[in-house]
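*Asks:* Residue numbers (this note's numbering): 1 to 429. A virtual CB, placed ideally from N, CA and C, is assigned to each residue, including glycine. My structure is below; once you've seen it, I'll send some questions.
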Amino acid sequence: MRPDVSDYARKLVRGPKDEIDFRISAHFKGREIAWPPTVGSLFKLPPAAMIHNFKKLVKSEHPTEQDFQGFTKFLYGQSMYDTFFGPYIEKKLPAIKGGELHRDWWILARRTIANEIDTGQDRYLSKVSGQRMATKPAPPSLKKKLIKSIDIAYKMWLNLRSKNMPRVMYPHGGIGMIAEGIKDEFLRLGGTLITNSGGTKLTRDASGRITRVEWGSGAIDAPDHVVWTGSIHELADCLDVPRAKVDYLSIALVYVTTKKPITNADFLYTYYGEPDLIFNRLYFPTRAVKCLAPAGKDSVCAEYSPPQGLEDIDRKDLETKVVDGLIKLKHLKREDVEGVKVRVAKDAYPIYPIDYLARLNVLWDKIRAVPNLASVGRTGQFYYNNMALTVCLGHDLARKLLGQPSYWEEQRDKAAAAAAAPVALERDH
Ligand SMILES: Cc1cc2nc3c(=O)[nH]c(=O)nc-3n(C[C@H](O)[C@H](O)[C@H](O)COP(=O)(O)OP(=O)(O)OC[C@H]3O[C@@H](n4cnc5c(N)ncnc54)[C@H](O)[C@@H]3O)c2cc1C
Numbered sequence: 001m002r003p004d005v006s007d008y009a010r011k012l013v014r015g016p017k018d019e020i021d022f023r024i025s026a027h028f029k030g031r032e033i034a035w036p037p038t039v040g041s042l043f044k045l046p047p048a049a050m051i052h053n054f055k056k057l058v059k060s061e062h063p064t065e066q067d068f069q070g071f072t073k074f075l076y077g078q079s080m081y082d083t084f085f086g087p088y089i090e091k092k093l094p095a096i097k098g099g100e101l102h103r104d105w106w107i108l109a110r111r112t113i114a115n116e117i118d119t120g121q122d123r124y125l126s127k128v129s130g131q132r133m134a135t136k137p138a139p140p141s142l143k144k145k146l147i148k149s150i151d152i153a154y155k156m157w158l159n160l161r162s163k164n165m166p167r168v169m170y171p172h173g174g175i176g177m178i179a180e181g182i183k184d185e186f187l188r189l190g191g192t193l194i195t196n197s198g199g200t201k202l203t204r205d206a207s208g209r210i211t212r213v214e215w216g217s218g219a220i221d222a223p224d225h226v227v228w229t230g231s232i233h234e235l236a237d238c239l240d241v242p243r244a245k246v247d248y249l250s251i252a253l254v255y256v257t258t259k260k261p262i263t264n265a266d267f268l269y270t271y272y273g274e275p276d277l278i279f280n281r282l283y284f285p286t287r288a289v290k291c292l293a294p295a296g297k298d299s300v301c302a303e304y305s306p307p308q309g310l311e312d313i314d315r316k317d318l319e320t321k322v323v324d325g326l327i328k329l330k331h332l333k334r335e336d337v338e339g340v341k342v343r344v345a346k347d348a349y350p351i352y353p354i355d356y357l358a359r360l361n362v363l364w365d366k367i368r369a370v371p372n373l374a375s376v377g378r379t380g381q382f383y384y385n386n387m388a389l390t391v392c393l394g395h396d397l398a399r400k401l402l403g404q405p406s407y408w409e410e411q412r413d414k415a416a417a418a419a420a421a422p423v424a425l426e427r428d429h
């Protein structure tokens, strides 16, 4: 991750924050496996998965499979796919099969503000970009394999001892404090923010340029630039062009507050592969920051992907099944529940079919033809990303609007300049 994004978030976040080790877990066949693994959890893995991991470490090859199923089987082995990855993805994205989901979804393949895949300076993504090659890349030399295996084993050793862990920032007021802090700065610099606008209408001239933006309570004429962060389907409708043939998944989030601290939960969040549990993920906010629940109380949020869409969910039934699951996992007793609330998150996950880029490009050709329009972000690019990657896009877009090179353009220019610089062969005495 670019260092400037972390610094930016640290500087602007509203209120106090903690920076914590990022360790989560996966739950399958009644076992909980920490990730990155701890010494204890490593030995809870199915033996076939351990053997697979060992072989992979020795071979040091990169996967070339394009689909989620092939990719995760290559990395973690058949037994892990059968026990966790397969059942998990079926619950998480019921609308698509593991063999039809593009692996870019799993690896959060990065995209530029122009919606092109960007391997940039990311060594891992550069290596796995073999996915776009028809043939397998040549196997690495024995020396390279050895160095790589030692490097992986060393990093695993550090992680097992909780050293050199990835870290995340968590504000005391909840994750929304990052966006609130950015908003504060935007207003301080003189920006105007209108929320809950709705009813967007775009008017264009003969050249395709947007000449007027209207929303529920106002309008702007002759905008220099229009940046869209809403659904790409709604944008297609506003531009009067065909929608891209891709679908978002809308989800339900079930918030449970408790009268007592939740038990048997050590991590910020846990993924569940078991088909008899209705949720695919649980978040435990107090495992990041204790003050997110009043003293002596606690909360947990369960994520549920409705197979038939949001319209069909029976909220009462969902609440009951979530609480039943929490009891089964020994997180609480029924009498400990203080309240349960269901909230829906529309268009929460973009789903990538194998040819998702080609499907998106049909729409992007139309978007690129509008000179003063950029559609960016998770929903605006149909891009399964995280907050940090969205902030990266925001920075790059700001640079573009200011006539400056984007981050990756700058990195490439630096690399090209370094390669072209004369190399001193001898020391200058
Ligand atoms: C369940 C879940 C858990 C997640 N957990 C994490 C996590 O732990 N860490 C992490 O880094 N990321 C996480 N993410 C991802 C993170 O939330 C997104 O990457 C981030 O919110 C993307 O920001 P964005 O601005 O690109 O898009 P969005 O957050 O989708 O923002 C788009 C904005 O556009 C507005 N909008 C839409 N249509 C219109 C319109 N017509 N007119 C005006 N405004 C409009 C919307 O109201 C919204 O405010 C999670 C996402 C989900 C769904």
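#1: Nearer than 6 Å: is that true of the beta carbon of Ala348 relative to any heavy atom of ligand 1?
#2: Return the CA-CA distance between Leu363 and Met50, expressed in angstroms with no decimal places.
#3: With the cut-off set at 7 Å, would you say Leu253 and Glu303 are in Cβ contact?
#4: Taking its Cβ as the centre, do 16 or more other Cβ atoms sit within 10 Å of Met133, making it buried, or is it exposed?
#5: Can you determine whether any heavy atom of ligand 1 sits closer than 6 Å to the C-beta of Arg212, and answer yes or no?
#6: Since I believe Arg399 is in contact with Thr474 (beta carbons under 8 Å), could you give me their beta-carbon distance rounded to a whole number of angstroms?
#7: Which two residues bound the contiguous beta strand (DSSP E) that contains Asp336?
#8: In angstroms, rounded to a whole number, what distance separates the CA positions of Asp18 and Thr286?
#9: Rounded to whole angstroms, what is the Cα-Cα separation between Gly199 and Ile262?
#10: Tell me whether Ala345, by its Cβ, gets closer than 6 Å to a heavy atom of ligand 1.
#11: Does the Cβ of Ile192 have 16 or more other Cβ atoms within 10 Å, making it buried, or fewer, making it exposed?
#12: Which residues in the same chain as Gln131 place their Cβ atom closer than 7 Å to its Cβ, once the five residues preceding and following it in sequence are excluded?
#13: By the three-class DSSP mapping on this structure, what secondary structure does Arg123 have?
#14: In or out: Glu338 buried (at least 16 other Cβ within 10 Å) or exposed?
#15: Is the number of C-beta pairs between the segment 316 to 334 and the segment 40 to 47 that are closer than 8 Å three or more?
#16: Any heavy atom of ligand 1 within a distance shorter than 6 Å of the CB on Arg378?
#17: Could you compute how far the alpha carbon of Ile430 sits from the alpha carbon of Arg281?
#18: Is it the case that the CB of Thr229 approaches a heavy atom of ligand 1 more closely than 6 Å?
#19: For Met169, which three-state DSSP category applies?
#20: Tell me, to the nearest whole angstrom, how far the beta carbon of Ala48 is from that of Gly77; I am working on the premise that it is less than 8 Å.
#21: Leaving out five residues on either side along the sequence, give the residues of the same chain with a beta carbon under 7 Å from the beta carbon of Ile20.
#22: Would you list the residues sitting across from Ile33 in a DSSP beta bridge?
#23: Taking C-alpha atoms, which residue in Glu274, Asp347 and Asp240 lies nearest to Gly325?
#24: Tell me the DSSP secondary structure of Ala345 in three-state form.
#25: When the Cα atoms are used, what is the spatial distance from Asp118 to Asn386?
#26: Taking only the alpha-carbon atoms, compute the straight-line gap between Phe74 and Asp314 and give it to the nearest angstrom.
#27: In the structure shown, what three-state DSSP assignment does Glu410 receive?
#28: Do the CB positions of Ile383 and Arg111 come within less than 7 Å of each other?
#29: Please tell me whether, using a cut-off of 6 Å, the distance from the CB of Met387 to the nearest non-hydrogen atom of ligand 1 is below it.
#30: Would you grab the beta carbon distance between Leu249 and Tyr349 for me? Rounded to a whole angstrom, and I think it's under 8 Å.
#31: Within the same chain, show all residues whose beta-carbon is closer than 7 Å to that of Gln381, passing over the 5 residues directly before and after it, in chain order.
#32: For Pro36, count the other beta carbons within 10 Å of its own beta carbon; 16 or more makes it buried, fewer makes it exposed. Which is it?
#33: Keeping to the same chain, check which residues put their C-beta closer than 7 Å to that of Ala345; ignore five residues upstream and five downstream.
#34: Closest to Asp317 by C-alpha separation, out of Val300, Phe284, Cys301 and Ile278, would be which residue?
#35: Can you tell me whether Cys238 is buried or exposed, with buried defined as 16 or more other CB within 10 angstroms of its CB?
#36: Measuring alpha carbon to alpha carbon, tell me which of Arg359, Leu393, Ile367 and Leu12 ends up nearest Ala435.
*Replies:* On the basis of the coordinates in this document:
#1: One-based indexing of the sequence shown puts residue 348 at position 348. Relative to ligand 1, the beta carbon of Ala348 is positioned inside 6 Å of a heavy atom.
#2: For this step, residue 363 is matched to residue 363 along the sequence shown. For this step, residue 50 is matched to residue 50 along the sequence shown. Roughly 44 Å between the two C-alpha positions.
#3: Translated into the one-based positions of the sequence shown, residue 253 becomes position 253. Translated into the one-based positions of the sequence shown, residue 303 becomes position 303. Contact: yes.
#4: The residue given as residue 133 occupies position 133 in the sequence shown. In this prediction, Met133 has a pLDDT of 47, which is less than 50 and means its spatial position is unreliable; nothing more can be read from the coordinates.
#5: Counting from one through the sequence shown, the residue named residue 212 turns up at place 212. The closest heavy atom of ligand 1 lies 6 Å or more from the beta carbon of Arg212.
#6: Any answer about residue 474 is impossible in this case: the structure gives the chain only from 1 up to 429.
#7: Along the sequence shown, read from residue 1 onward, the residue named residue 336 stands at position 336. Segment: none, Asp336 is in no beta strand (DSSP E) and carries neither H nor E.
#8: In the sequence shown, residue 18 corresponds to position 18, counting from 1. In the sequence shown, residue 286 corresponds to position 286, counting from 1. Near 12 Å, if we compare the C-alpha coordinates of Thr286 and Asp18.
#9: For the purposes of this step, residue 199 is taken as the residue at position 199 of the sequence shown. For the purposes of this step, residue 262 is taken as the residue at position 262 of the sequence shown. Whole-angstrom Cα-Cα distance: 42 Å.
#10: Numbered from its first residue, the sequence shown carries residue 345 at position 345. Correct: Ala345 has its Cβ closer than 6 Å to ligand 1.
#11: Sequence index remark: in the sequence shown, residue 192 carries index 192 (1-based). The question names Ile, but residue 192 in the sequence shown is Thr. The residue is exposed, with fewer than 16 neighbouring Cβ atoms inside 10 Å.
#12: To locate residue 131, count along the sequence shown from 1; it is residue 131. Only weak support is given to the placement of Gln131: the predicted model assigns it a pLDDT of 48, under 50, and the value that follows is read from those uncertain coordinates. Cβ neighbours of Gln131 beyond the five flanking positions: Thr64, Gln66 and Arg103.
#13: Within the sequence shown, the letter at position 123 stands for residue 123. The pLDDT assigned to Arg123 is 47, lower than 50, so where the model puts this residue is not dependable, and the model offers no usable value.
#14: By one-based count along the sequence shown, residue 338 stands at place 338. Its Cβ having fewer than 16 others within 10 Å, Glu338 is exposed.
#15: Flag = no, the segment 316 to 334 and the segment 40 to 47 do not touch.
#16: Taking the sequence shown and counting its residues from 1, the one referred to as residue 378 is at position 378. Result yes, Cβ under 6 Å from ligand 1.
#17: Limits of the chain in this structure are 1 at one end and 429 at the other, which puts residue 430 out of reach.
#18: Along the sequence shown, one-based indexing puts residue 229 at 229. For ligand 1, at least one heavy atom lies less than 6 Å from the Cβ of Thr229.
#19: Residue numbering aside, residue 169 sits at position 169 when the sequence shown is read from its first letter. In this structure, Met169 counts as strand in the three-state DSSP scheme.
#20: Working through the sequence shown from its first residue, we reach residue 48 at position 48. Working through the sequence shown from its first residue, we reach residue 77 at position 77. Ala48 to Gly77, Cβ: 6 Å. Contact.
#21: Against the sequence shown, residue 20 aligns to sequence position 20. Excluding residues within five positions, the ones whose Cβ falls inside 7 Å are Arg167, Val168, Tyr170 and Ala288.
#22: By 1-based counting over the sequence shown, the position of residue 33 is 33. Bridge partners of Ile33: Ala26.
#23: Within the sequence shown, the letter at position 325 stands for residue 325. Measuring from the Cα of Gly325, the nearest candidate turns out to be Glu274.
#24: Counting from one through the sequence shown, the residue named residue 345 turns up at place 345. Looking at Ala345 - three-state DSSP - the assignment turns out to be strand.
#25: The count along the sequence shown starts at 1 and reaches residue 118 at position 118. The count along the sequence shown starts at 1 and reaches residue 386 at position 386. Distance between the alpha carbons of Asp118 and Asn386 is about 15 Å.
#26: One-based indexing of the sequence shown puts residue 74 at position 74. One-based indexing of the sequence shown puts residue 314 at position 314. Rounded to the nearest angstrom, the two C-alpha atoms are 38 Å apart.
#27: Counted from its first residue, the sequence shown places residue 410 at position 410. Residue state, collapsed to three classes: helix.
#28: Here residue 383 refers to the residue found at position 383 of the sequence shown. Here residue 111 refers to the residue found at position 111 of the sequence shown. In the sequence under discussion, the amino acid at residue 383 is Tyr, which differs from the Ile named in the question. Contact: yes.
#29: Residue mapping note: residue 387 aligns to position 387 of the sequence shown, counting from 1. Within the cutoff, so yes.
#30: In the sequence shown, residue 249 corresponds to position 249, counting from 1. In the sequence shown, residue 349 corresponds to position 349, counting from 1. Contact holds; Cβ gap of about 4 Å.
#31: Sequence index remark: in the sequence shown, residue 381 carries index 381 (1-based). Arg111, Asn115 and Ser375, listed in sequence order.
#32: On the sequence shown, residue 36 is found 36 positions in, with the first residue counted as 1. Buried: at least 16 other Cβ atoms inside 10 Å.
#33: Position 345 of the sequence shown holds residue 345. Result list for Ala345: Ser250, Ile251 and Leu253, in chain order.
#34: Working through the sequence shown from its first residue, we reach residue 317 at position 317. Ranking the options by Cα distance to Asp317, first place goes to Ile278.
#35: One-based indexing of the sequence shown puts residue 238 at position 238. Its Cβ being crowded by 16 or more others within 10 Å, Cys238 is buried.
#36: In the structure displayed, the chain extends from 1 to 429; residue 435 sits before or after that span and is not available.
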